[in-house]
Amino acid sequence: MALKQQGIARTLYDDTNLHALINLCSRRLQKPFECRDIQFLRLFLQYCLLQHHAGITPEFNPLQQRWAQSCAEYALAEEIARHWQRHVMQSAPPSESLFMALLFSMIRIPDPIRDNHQQDRRLRLAIARLVLRFREYGNVRFSDEQGLNDQLYIHLAQALNRSVFAIGIDNTLPEEFSRLYPRLVRTTREALHGFEAEYDVQFSDEEIGLVAVIFGAWLMQEKDLHEKQIILLTGSNEQLEAHIEQQLRELTLLPLNVKHMPMQDFQKEGAPRGVTLIITPYTTPLPLFSPPLIHADLALTSHQQQQIRKILES
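This is how it looks when you write it as structure tokens:
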């Protein structure tokens, strides 16, 4: 109704023509749209017409303009703009095409196998360098590196769009993620520095955390490991216990499940089932049947660190 009241040509927004336009988008993007995609695109294209008619256009900074113009979807966006221009006899501002290119790039799921645009090839090379840096900084290896690259491609293609255009994400990771997996997050952050510099972006902590999750999950899958169960025997010195736990988490890139257990309970009941390692700053007799137990002072010795790494990464 609003489109009609504004005097916009009906051929631009009636169901038949919009459906044909959306089918064109589907063919150009090589993406079959679901019903919800079609409903959204109909509303979005009508919204663009209203905004354009009212003289309201989005604004993009130079980096965002270059990014949208270089994406594979920009040619389709320009084609739609030319289609509208022929009907309204009025040239559309360049930002309209940029805005539509951004939308189409956001709804398209990246395909690491079929994507072959120049920007896609550039991203694959950048990801290969990212994985190489992670391997070097973390002193790890991946047997199926191509599989990891493909997973990172799907994620980072979308993360770059979000970062360039300042699109936020729900923080799905616990706030204490960085505290629980400090070495994994730090190694990921260091490996991403070169990637961020190449694309002139700076990822948020949330985005870095999601990339760290991918690396962490791949490391677990690589070694066919489950999260290691560690018991930290506690007593009266919480600060010392926290310091020892942090040292444990700094020793490995692999996720750890560190549970606190009062010393008295351990002496009465022993260790729970499934525990890989017990560590404590307090002196305690070792039960007859027990997982490896390490007595740690303020700082873990080099020998203790080697022992713990061997246990955790075996």
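Just so we're aligned, residue 1 is where the sequence shown starts under UniProt numbering, counting upward by one.
No residue lacks a Cβ here, since even glycine has one placed at the ideal position from N, Cα and C.
Same chain, Cβ closer than 6 Å to residue i, five either side skipped, listed in chain order
i: leucine 293; result: Ile278, Leu286
i: alanine 212; result: Leu184, Val185, Thr188
i: arginine 28; result: Leu76
i: histidine 83; result: none
i: serine 178; result: Val185
As assigned by DSSP and simplified to three states, the class of residue i
i: lysine 268; result: helix
i: valine 258; result: strand
i: leucine 18; result: helix
i: leucine 173; result: coil
i: histidine 295; result: strand
i: isoleucine 278; result: strand
i: glutamine 51; result: helix
i: glycine 209; result: helix
i: methionine 89; result: Residue placement at methionine 89 cannot be trusted, given a pLDDT of 49 that sits under 50; what the coordinates show is reported in the next sentence. Of the three classes helix, strand and coil, the one that applies to methionine 89 here is coil, per DSSP.
i: histidine 117; result: coil
i: isoleucine 244; result: helix
i: glutamine 239; result: helix
i: glycine 216; result: helix
i: aspartate 111; result: coil
i: phenylalanine 33; result: coil
i: serine 290; result: coil
i: isoleucine 167; result: coil
i: arginine 273; result: coil
i: leucine 45; result: helix
i: leucine 253; result: coil
i: arginine 28; result: helix
Boundaries of the beta strand (DSSP E) in which residue i is found, first to last residue
i: valine 140; result: Run containing valine 140: none; DSSP gives neither H nor E here.
Limits of the alpha helix (DSSP H) - the one that residue i falls within
i: glutamine 229; result: That residue, glutamine 229, is in no alpha helix (DSSP H); its beta strand (DSSP E) goes 228-234.
i: isoleucine 154; result: 145-164
i: threonine 188; result: 182-199
i: leucine 103; result: 94-107
i: histidine 303; result: 302-312
i: glutamine 202; result: From DSSP, glutamine 202 is part of no alpha helix (DSSP H); its letter is neither H nor E.
Proximity test, Cβ basis, 9 Å: residue i and chain B
i: tyrosine 153; result: No chain B is part of this structure, which consists of one protein chain only.
Beta-carbon proximity list for residue i, same chain, < 7 Å, skipping 5 on both sides
i: glycine 110; result: Checking the sequence, you will find proline at residue 110 rather than glycine. For proline 110, where only same-chain residues beyond five positions count, the Cβ hits under 7 Å are Tyr153, Ile154, Ala157, Gln158.
i: glutamine 65; result: Leu98
i: glutamate 59; result: Ser95
i: cysteine 71; result: Ala101, Ser105, Gln119
Cβ shell of residue i (< 8 Å), same chain only, five flanking positions each side left out
i: lysine 310; result: none
i: phenylalanine 33; result: Ile22, Cys25, Ser26, Leu41
i: asparagine 149; result: Pro112, Arg124, Ile127, Ala128, Val131
i: methionine 220; result: His226, Glu227, Leu254, Pro255
i: proline 182; result: Gln246, Arg249, Glu250
i: arginine 162; result: Gly168, Ile169, Glu207
i: glutamine 30; result: Arg114
i: serine 63; result: Inspection of the sequence shows that residue 63 is occupied by leucine rather than by serine. Cβ within range, chain order: Val164, Asp200.
> Of all the alpha helix (DSSP H) runs that stay within the bounds of the stretch 55-84, which reach a length of 4 or more residues?
Replying inline: Runs of the alpha helix (DSSP H) inside the stretch 55-84: 62-70.
> Is it a yes or a no for the stretch 259-269 touching the stretch 190-198, going by three-plus beta-carbon pairs under 8 Å?
Replying inline: Short answer: they don't touch.
> Do the stretch 239-258 and the stretch 158-172 make contact, defined as three or more Cβ pairs closer than 8 Å?
Replying inline: no
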